[in-house]
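With our numbering as the guide, the letters of the sequence shown map in order to residues 2 to 159.
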Amino acid sequence: MEARDVTLRVNGRDHVVPLAPWTTLLDALRDHIGLTGTKKGCDQGQCGACTVLVDGVRVNSCLTLAVMKEGCEIRTVEGLANGHLHPVQQAFIDHDAFQCGYCTPGQICSAIGLIREGRAKSPAEIRELMSGNLCRCGAYPNIVAAIEQAMQAGEDAQ
């Protein structure tokens with residue numbers, strides 16, 4: 002099957018890219034649109050490094066076909082700052098919630114989705130609801146503290 006033009010709305014901009022039907026959203030973002038903030042970790046949906054927001058919902062972009070997201074609003078880590086850091090980005094800095102940084106874009110996007118969901122009411126719930134995002138450096142306590150801080154920002158953190 003041949004590639005066809007797919008329009009993906011990413012970070013508020015439309016991108017028309019020729020994609021094979023089996024192209025993942027992750028590969029479309031990185032290889033066709035040039036947004037490399039979203040990381041390829043396991044490529045099996047188990048590490049969360051590829052997490053982006055699709056219509057405000059956390060999605061593992063390595064498991065999602067790009068053609069399925071035509072017409073959706075896709076938000077990557079590159080689209081968070083609007084002249085200043087997003088509250089979750091600032092909270093990650095304030096709490097030193099990263100070491101090597103490889104998982105950070107996925108952690109941040111997942112944290113924003115988590116805050117938007119409004120289900121986490123305690124550190125234990127944050128840990129459970131963020132369990133799909135792995136950190137090989139073990140910065141989990143700092144990540145939880147950063148998310149707690151960002152949750153206090155309310156709607157600004159969504």
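Using N, Cα and C, we set each Cβ at its ideal position, and we do this for glycine too.
DSSP three-state label for residue i, please.
i: N134; result: coil
i: P88; result: helix
i: T39; result: coil
i: N143; result: helix
i: L81; result: coil
i: R149; result: Looking at the sequence provided, one finds Glu at residue 149 rather than Arg. Looking at E149 - three-state DSSP - the assignment turns out to be helix.
i: D44; result: coil
i: R14; result: strand
i: R128; result: helix
i: E118; result: helix
i: T105; result: helix
i: D157; result: helix
i: D56; result: coil
With distances taken from CA atoms, which of the options is nearest residue i?
i: V68; options: D157, T24, T105; result: T24
i: R5; options: V11, G13, N12, L20; result: L20
i: C138; options: D97, A121, I127, E118; result: D97
i: T37; options: K122, D44, D28, V18; result: D28
i: L9; options: R59, E71, G35, L26; result: E71
i: Q47; options: M131, L86, D56; result: M131
i: P124; options: G107, N143, G133; result: N143
Could you check if residue i is buried or exposed, using at least 16 other CB atoms within 10 Å of its CB as the buried criterion?
i: S62; result: buried
i: A121; result: buried
i: L115; result: buried
i: L86; result: exposed
Could you check the C-alpha separation between residue i and residue j for me, to the nearest Å?
i: V53; j: V7; result: 18 Å
i: V145; j: L81; result: 19 Å
i: F99; j: I75; result: 24 Å
i: I109; j: N12; result: 15 Å
i: D95; j: G35; result: 29 Å
i: Q150; j: M2; result: 48 Å
Does any CB atom of chain C fall closer than 8 Å to the CB of residue i?
i: Q47; result: Looking for chain C here will not work: only one protein chain is present.
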